[in-house]
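In our numbering, the protein residues as written are 587 to 747.
C-beta atoms are modelled at their ideal positions from N, C-alpha and C, and glycine is treated no differently.
None of these values were measured; they are calculated from a predicted model.
Following: one structure in structure tokens, then a few remarks.
What follows is the structure, given as structure tokens:
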């Protein structure tokens, strides 16, 4: 049997118990990009906990994702400065434009939205980051332009390949 990334992680926790759950979840997400249903089942079997408990712990913490990130992962800063300057409206515009909620990925796998507590660019508020690239002073009206730029990048990349 060929060991997978998840197997390798679980092997590092031979006598895993409940207190090992969060580090295991973090390592699996780092390796796989998200926590799949299969991963949670396997973790549950390894630790001896029902999947419902694994899922309950994972959903309690904001850091865990249950879908892979999109090709364009959009982080929306909800820190104080961004909040005061209108990041809620930006988030709502993104959700409307992409037809997904925060924490979800579009069906085509192109976009995902992630809400973060603070990006650390308060002077540029409100800020979003697309794959780590900051967009400053974002307004709900600028959201569609940013999305169009991303889609244009996909098309030009496809044309050059």
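Check, Outcome
"Reference residue 675; option with closest CA among 739, 716, 697 and 701", "701"
"Contact test: residue 695 Cβ vs the ligand HEM heavy atom, cutoff 8 angstroms", "No copy of the ligand HEM appears in this structure; indeed no ligand is present at all."
"At least three beta-carbon pairs within less than 8 angstroms, the stretch 648-655 to the stretch 610-625", "yes"
"CA-to-CA distance, residue 745 to residue 748, given in whole angstroms", "There is no way to answer for residue 748, as the model of the chain reaches only from 587 to 747."
"Where residue 600 falls, given that 16 or more other Cβ within 10 Å makes a residue buried", "exposed"
"Residue 636, buried or exposed, once every other Cβ within 10 Å from all chains shown has been counted against 16", "exposed"
"Residues near residue 679 by beta carbon distance below 7 angstroms, same chain, minus five either side", "726 and 729"
"Residue 659 in three-state terms, based on DSSP", "strand"
"Close Cβ partners of residue 632 (< 6 angstroms) along its chain, the five nearest in sequence each way excluded", "596 and 602"
"Coarse secondary structure for residue 724, derived from DSSP in three states", "coil"
"Pairwise C-alpha distance: residue 734 and residue 722", "17 angstroms"
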